[in-house]
Structures are given as C-alpha cells and as structure tokens.
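**Q** If you count the sequence shown from 1, position 345 lands on 338 in our numbering, and the numbers rise without skipping.
Pasting a structure here, questions to come.
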Amino acid sequence: MRRTQAFIPTTKEAPNDATLPSHIFLARAGFIAQVASGLYNYMPLAKRVIKKIENIINEEMAAIGAQEVELSFVTPSELWAESGRIEKFGKELLRFKDRKENLFVLGPTHEEMMVDLVRNRVTSYKNLPLHLYQIKTKFRDEARPRFGLMRGREFIMKDGYSFHATKEDLDREFDAVEAAYKKILTRLGLDFRIVEADSGAIGGSGSKELMVLADSGEDTIAVCSKCEYGANIEAAQRSARKTIPEAPEAEFNKFLTPNVKTIDELAEFFKIDPYYTIKAVAKRVIWEDSSEIVVFYLRGCDTLEEVKAINATEALDIVDASEEELKEIGLVPGFIGPLDQDKAKHVIDSDLKDAKSMICGANEQDYHFIGVDLGVISEAAYFADIAQVNEGDICPHCDGELSFTKGIEVGHIFKLGTTYSSALKAEFLDENGKAQPFIMGTYGMGVSRLVAAIIEQHHDENGCIWTKQSAPYMVNVMVSNIKDEAQMALGEELYANLKNIGVEVMLDDRKDRFGFKMKDAELIGFPYTIIIGKELANGNVQIFDRASKEKTTVASDAIFEKIMELIK
Ligand code: ATP
Ligand code: MG
C-alpha cells in the first residue's frame, strides 16, 4: 500500500474519554473511530489486524476439528425464553420488534441458537462429538462500555460450542480447546496465563479464563509463587493459614464497646488480631422475583467476594443496603450480629467453621459479644466460601504463596454440561436407544478485545508496537525526501520486491517532513521501518526496529536480504 493512497487518518488528539493506551493509540493511529458509546468503526488498519487474528483462530480451530458456521445475528426472543436467559441477561439484551410485531434479540452469545441449530439434526451418538464455531459480531448493551475496543457494546467474538455423548468426551475436548487457545495466544506473541474462573452456582473446575497480563487489566488474578495455580480473584481458593495468631482468652459474654464500630477499632480496643474478629456485611440480595437483606459473616481480616456471595445465595445480583433498610429489619449498623433467621438469612464463611474465641457484634448499640464459639452452631448454620483470598495466603495446591496480578480476559472456556440442551430439549439417542440431552462445552474468545489487549501489552509513550503475527503491515519503507530521485527509486524497488514475495509492506511516499513521518510510523507501530535518507548518497540506509527503538545502518545493496532475515 502506498501511504499517499491509504486511508489512515492519524491525529494528535486522543478521544476525550480515553484513559488506556490501547484506546488512545488505536484512535490516534487511525485504526478505530467511535460512532457512539461502545460502538466503533474499524478502519483499514484495524481490519487487517482483525483478519490476522481470525486467520490464526481459524487455523487452530481446524487443527482440532472444529467446523466454522455463521449464525444469524438477529435471534428470535422465543429461544431466550426457552432457556430462561431473557430475564437473566436483563438490559444487556437489545430487544426489538419487526414489522409483524415479533420480538427479536441481538445475539450477545449464541448458546441457544447453536443448540437450536443442532437439535433434531443430530440425533444419534454415532454423529457425536460435534464442535461448531463462528466469528461474529455480538451485541451487549453493557452498563458501562469503556476503554475503546476493550469493552464495547458491539464487538467481535469467536464463539464455539461442542456436543458430546459423555462427560469424558467433553473433558477431552475442553483440554483440546485449552491447548488450541494457548497456541493462538502464543502465536500472537502475547504473555498470558490460563486461570480458573468462576463457574456460577454450578461450581466445579470446568471454567477457565485466558488472561493477557497487563497492568490495565480489569480482572485481578491470584497466582501461586511456586506452582502453576492461577485463578480469577472471583474464584480463587486458598488453604488454611499456616501460622495462626495467638488466640485471646475469654468466656462468652456481652461487652460494652462504646463507639467501637470498625474492625480496626475493635481489634485495637481488645488488643487482638483482626483474625479473631467477625465482620458482618449486610447486603441486599436480588433473585428473579424477590429480594432480601442477607448478612454475610467473615473474619475481620478478610473481605467479602461478591461473586462467591452471589453463588452461595444463588442470586442474580447483590447490591449495597442503606442504614435505614438494615434498621428496618432490626440490624444495628456498626454492631451487626446474629438476628432471627426469619428476619435475615445468615451466610458464614467456611473459614469460620468451628472458630473459637471470636468477637462479634451483639446487634445492640455499643455492644459486642466476646468468646464466641462457632462450633456450637456449626451443625445448623449455612457455611460457604465467600471470602476473597488475600496476597500472602497459601496456595490451595501447594505451600506457595498467592500474589495478585492484573489481566485482560480475552477468552473463556466452560463445561456447560446439559444446562442448555435440557432446557431446549436437544437430545440424541445413546447406544441403548435412550434419549439423552447433549453434554456441551462453550468456548469464547474476544477477537476485537484481543486487538486492544495486544496494544495494552505492547506499546510505549509513542504508540503501538505490534507483534510480528498481529501487525497490519510488517515493513514500512520510508522515503525521507521524495524529491530525491535515488531515494525514491530505491523506495519503489524495495516496495515492489517485498510485495512480490508476499511481505506486507507500506511505502511512505508522502512529501511531509522526515520527523513527522517518523512519529507517524512509531504511532502506527510497524515492526520495521526502512529509512531511506541522506545517507543513501554514501550507500547506506537504516532499519528502525519499533520494539527495541534501535536504528541499524545497513548497506543499501544488502537491505533486502537483511529485512528478509529480520521478518522470518
Ligand atoms: P467480562 O467479564 O469482561 O464482561 P464476560 O465474562 O461477559 O466478559 P464471556 O461471556 O465469557 O465474557 O465472552 C467471551 C469473551 O468475549 C470474553 O472472554 C471477552 O474476551 C469477550 N467479551 C465479552 N464482553 C465483551 C465486550 N463488551 N467487549 C469486547 N469483548 C468482550
Ligand atoms: Mg467470562
């Protein structure tokens, strides 16, 4: 492509709302243009990067025998009613009616559609397993679209769905997809980690996320210092503490604690470790058709993990409750403690099971209970893992310590089981002629989010640094002064020769100043720029390596071989 003919509207100005480097640089370098909140136009450079990513995905999917399909973006709402997700998805689903008043939904994901495609078409175990996938626009009316391509409302996802006759076969496919996803991210030149993810109320270990490591990531992941363990903080587990602080000794009693409301104040008042205090967090828990205040109890040194709390209560959502709402049912803010179960449900963190010598709110102004022994209620009470792991906690698989790092979720693979096939009555006949619901897996990868993730991990203060496998063009041939005939001739020759053997090359043939063109090249992030300038008079040109920022002088008659060697 000749730069004089290319549609690459680079600018100095970043979008007003842009905070992340990927958002700023992709907009400034003319990859994307915002249309409305969470909606973007992809310009030629972005389209090229997307195609690269898609090609790699297609190759790795073919290698594990997955077949590409493409399902309708507009999906009938009846399918969403059949699965029950029309309520669960809530406002993220964009709904509309056609001229005949039929209700439709813009597909935010395609489990229902894929099950509908396969049901009654695949009817025997003999035709299983089956793995279908597509690369397709999705629409989710996200509450807070932001960060450019990272969290759009319209975005591109690769979504795959597999159908199996047995759980073992699903396990095999899940592992194969995990390996394929690993290859895709490795080929793209990304530093990533596969972590255990929240699998909702179903639980189990059948959910993994692929996290591109970047400080700007929205997800916190806990990783072990010794073994391979990594988990999204929403799902991270830990082993019991190795060293336990010395326990305070006290008989069970009610104790006057005037104005002692926070955990810190409480620990200070009794001169004890917060480990022996109980934190009560009262929240409004929302189910499909009701909502209630639930009190979650944890050790004072821990914090409530809301995703775990949602799973423990099988809720749709959990929101803060006002002091008035708490007082209404008889809770005393600052001193919250046990209440009649018919006024508020209690969920106690598993780490408190059989805990002794604890201090807990007495649910009475200015009073706490001391010497609380949870052993006496351990039979009757409801315990669940609701605490967030802390840095320094012990790994659940070895004796290493957990630490936190930030990640961008670019993929999510999930063992669905029969959730959707049962709901949509999608069945096959097994070896004994008995009808069984398909056992399914679902595998998502954020294609447009990957474009942003690559830049989050690969940029500097001057702009994008594309990895070789993702770059829109590998080589930028820059003619410093287009009026210089020798410079222009070499530029044309290199451009033609590189193009001829299939190298993706841009010829910067604009008449702008050298400094301007150089800044532009850095902003766009071509892996290599060949600079043809004044030095050509002495038989030399330069290669600028975008990643290392190094300029190397090369004899002009050796430049072709040199660049071919670099891009290998
Ligand atoms: P998140 O937790 O970031 O909202 P999700 O759990 O809703 O993501 P999935 O339903 O697992 O996402 O979708 C599969 C993949 O699609 C995600 O791993 C992510 O890479 C991508 N994705 C999801 N939502 C968006 C979005 N709003 N914009 C861009 N990509 C997205
Ligand atoms: Mg997810």
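Every residue gets a Cβ at the ideal spot worked out from N, C-alpha and C, and that includes glycine.
Three or more beta-carbon pairs under 8 Å between the region 206 to 225 and the region 178 to 191, yes or no?
**A** Yes, they touch.
**Q** I think LEU64 touches HIS103, with their Cβ atoms under 8 Å apart; what is that distance to the nearest whole Å?
**A** With a Cβ gap of about 5 Å, LEU64 and HIS103 count as contacting.
**Q** Compute every distance between the C-beta of THR412 and the non-hydrogen atoms of the ligand ATP, then say whether any falls below 7 Å.
**A** It does not: the Cβ of THR412 is nowhere closer than 7 Å to a heavy atom of the ligand ATP.
**Q** Report back the beta-carbon spacing between ILE562 and HIS157 to the nearest angstrom; my notes put them in contact at under 8 Å.
**A** No information on residue 562 is available, as it lies outside the stretch -6 to 561 that the chain covers here.
**Q** Nearest CA to the CA of MET467: which residue from GLU321, LYS476, LYS492?
**A** It is LYS492 whose Cα lies nearest to the Cα of MET467.
**Q** Confirm, please, whether the CB-CB distance from ALA22 to ILE517 is below 8 Å.
**A** Result yes, Cβ atoms of ILE517 and ALA22 sit closer than 8 Å.
**Q** Where DSSP assigns a beta bridge to PHE248, which residues make up the other side?
**A** HIS361, per the DSSP bridge assignment.
**Q** Report the three-state DSSP secondary structure of PRO69 (helix, strand or coil).
**A** Looking at PRO69 - three-state DSSP - the assignment turns out to be strand.
**Q** Taking 7 Å as the cut-off, is the C-beta of ARG442 nearer than that to any heavy atom in the ligand ATP?
**A** Yes; taking the cut-off as 7 Å, the Cβ of ARG442 has a heavy atom of the ligand ATP nearer than that.
**Q** Tell me the rounded alpha-carbon separation between ASP91 and TRP73.
**A** Near 17 Å, if we compare the C-alpha coordinates of TRP73 and ASP91.
**Q** Hey, is PHE148 close to the ligand ATP, as in C-beta under 7 Å from one of its heavy atoms?
**A** Within the cutoff, so yes.
**Q** Taking the beta strand (DSSP E) that GLU202 belongs to, which residues open and close that run?
**A** Start and end: 200 to 206.
**Q** Could you check which residue in VAL111, LYS504, PRO37, PHE140 has the C-alpha nearest to that of ASN9?
**A** Considering only alpha carbons, the answer is PHE140.
**Q** Whole angstroms is fine: what's the gap from ILE590's alpha carbon to LYS461's?
**A** The structure shown has nothing for residue 590, since the chain only spans -6 to 561.
**Q** At a cut-off of 7 Å, would you count GLU227 as near the ligand FMN, judging by its Cβ distance to the nearest heavy atom?
**A** This structure lacks the ligand FMN; the ligands present are the ligand ATP and the ligand MG.
**Q** Do you know offhand how far HIS361's Cα is from MET351's?
**A** Using only the alpha carbons, I get a separation of about 10 Å.
**Q** Is it buried or exposed for VAL170, if we count other Cβ within 10 angstroms and need 16 for buried?
**A** Looking at its Cβ environment, which holds 16 or more other Cβ atoms inside 10 Å, VAL170 is buried.
**Q** Any idea what DSSP makes of MET36, helix, strand or coil?
**A** If DSSP states are grouped into helix, strand and coil, MET36 belongs with coil.
**Q** Quick one: residues in its chain with C-beta nearer than 6 Å to the C-beta of GLY223, no 5 flanking neighbours on either side, listed in chain order?
**A** Within the same chain, GLY223 has close Cβ partners ARG186, VAL188, ILE214, VAL216.
**Q** DSSP has LEU96 in a bridge; who is on the other side?
**A** Paired residue(s): LYS90.
**Q** Buried or exposed, going by whether 16 or more other CB atoms sit within 10 Å of the CB of HIS451?
**A** Per the 10 Å Cβ criterion, buried.
**Q** Assign TYR375 to one of two classes, buried (16 or more other C-beta atoms within 10 Å of its C-beta) or exposed (fewer than that).
**A** With fewer than 16 Cβ atoms within 10 Å of its Cβ, TYR375 is classed as exposed.
**Q** Have a look at ASP423, LYS427, ALA482 and flag the residue whose alpha-carbon is nearest the alpha-carbon of ASN120.
**A** Comparing Cα positions, the closest option is ASP423.
**Q** Among the residues of its own chain, which have a CB less than 7 Å from the CB of ILE448, if the five just before and after it don't count?
**A** Hits under 7 Å: PRO14, SER15, PHE18, LEU19, CYS457.
**Q** Can you tell me whether GLU244 is buried or exposed, with buried defined as 16 or more other CB within 10 angstroms of its CB?
**A** With fewer than 16 Cβ atoms within 10 Å of its Cβ, GLU244 is classed as exposed.
**Q** From ARG503 to SER549, what does the alpha carbon distance come to, in whole angstroms?
**A** C-alpha separation (whole angstroms): 21 Å.
**Q** Return the Cβ separation of ALA173 and ALA56 in integer angstroms, given the expectation that the two are a contact with Cβ distance under 8 Å.
**A** Contact holds; Cβ gap of about 7 Å.
**Q** Is PRO430 helix, strand or coil when you go by DSSP?
**A** Residue state, collapsed to three classes: strand.
**Q** Please report the straight-line C-alpha distance between ASN246 and ILE329, rounded to a whole angstrom.
**A** Their Cα atoms are separated by approximately 16 Å.
**Q** State yes or no: is the C-beta of VAL325 within less than 8 Å of the C-beta of ALA39?
**A** In this structure, ALA39 does not lie closer than 8 Å to VAL325 by Cβ.
**Q** Using the C-alpha atoms, what's the distance from ASP191 back to HIS124?
**A** Their backbone Cα atoms lie some 23 Å apart in a straight line.
**Q** What does the Cβ neighbour count give for CYS353, buried or exposed, with the cut at 16 atoms within 10 Å?
**A** CYS353 should be labelled buried.
**Q** Which residue wins for smallest C-alpha separation from ILE523, given the options SER541, THR545, LYS512?
**A** For ILE523, the nearest C-alpha among the options comes from THR545.
**Q** Any chance the CB of GLY223 is under 7 Å from a heavy atom of the ligand ATP?
**A** Outside the cutoff, so no.
**Q** Under 8 Å between C-beta atoms, does LEU259 make it to chain D?
**A** The structure shown contains no chain D; it holds only a single protein chain.
**Q** Could you give the residue range of the beta strand (DSSP E) that holds LEU291?
**A** Unbroken beta strand (DSSP E) run through LEU291: 284 to 292.
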